[in-house]
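Undergrad:
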Amino acid sequence: MGNDQAPAALPPLDEPRSDVGSFVLRLLVGTILVGLAGLTALTAPMLVMASDSCFDGDSRIICSAGGQQAVVYIPVLAAASSVLLTVRGLALRRPATVLAALCLLVLGWLAALILMGS
Numbered sequence: 005m006g007n008d009q010a011p012a013a014l015p016p017l018d019e020p021r022s023d024v025g026s027f028v029l030r031l032l033v034g035t036i037l038v039g040l041a042g043l044t045a046l047t048a049p050m051l052v053m054a055s056d057s058c059f060d061g062d063s064r065i066i067c068s069a070g071g072q073q074a075v076v077y078i079p080v081l082a083a084a085s086s087v088l089l090t091v092r093g094l095a096l097r098r099p100a101t102v103l104a105a106l107c108l109l110v111l112g113w114l115a116a117l118i119l120m121g122s
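Take any residue in the sequence shown, count from 1 to its spot, add 4: that is its number in the numbering used here.
(1) For LEU106 and PHE59, I'd like the C-alpha separation in whole angstroms.
(2) Is it a yes or a no for the stretch 72-82 touching the stretch 43-53, going by three-plus beta-carbon pairs under 8 Å?
(3) Going by alpha carbons, who is nearest to VAL52 out of GLY70, LEU31, VAL38, ALA104?
(4) Which residues mark the beginning and the end of the alpha helix (DSSP H) in which ILE36 is found?
(5) Mind checking which residues open and close the alpha helix (DSSP H) that includes GLY71?
(6) Which two residues bound the contiguous alpha helix (DSSP H) that contains CYS107?
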């Protein structure tokens, strides 16, 4: 007893798509955001120099020790969190997470600038 039927044709294998354009875009966005976060971490300690014009009894926020620490630590912590969000968003291909990382970085700078000006 032989099988005279031809074997059924297997469906073609799906070849992996080439996402070179998507990869390059993610790499570029990730590099820019991580670079901005690194620049923030390097320059944020210099924001304390906004307290150079303080005098004895000055009531501005930047003239207090807590205000000076906040001006430095808020952007640095925002930068570190931004890097983590960027890496996670790019790894999971979630553009909303990458956008949140950018917004967090901008908000960190905005908060520091507001504290420096008040």
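We treat Cβ as the ideally placed atom computed from N, Cα and C, and that holds for glycine.
Because the structure is a prediction, the values reported are computed rather than measured.
TA: Put simply:
(1) Within the sequence shown, the letter at position 102 stands for residue 106. Within the sequence shown, the letter at position 55 stands for residue 59. Roughly 36 Å between the two C-alpha positions.
(2) yes
(3) Numbered from its first residue, the sequence shown carries residue 52 at position 48. Comparing Cα-Cα distances from VAL52 to each of GLY70, LEU31, VAL38, ALA104, the minimum goes to GLY70.
(4) In the sequence shown, residue 36 corresponds to position 32, counting from 1. First-last of the alpha helix (DSSP H) with ILE36: 24-47.
(5) Translated into positions along the sequence shown, residue 71 becomes position 67. Unbroken alpha helix (DSSP H) run through GLY71: 69-95.
(6) Within the sequence shown, numbered from 1, the residue matching residue 107 stands at position 103. Run containing CYS107: 99-121, per the alpha helix (DSSP H) assignment.
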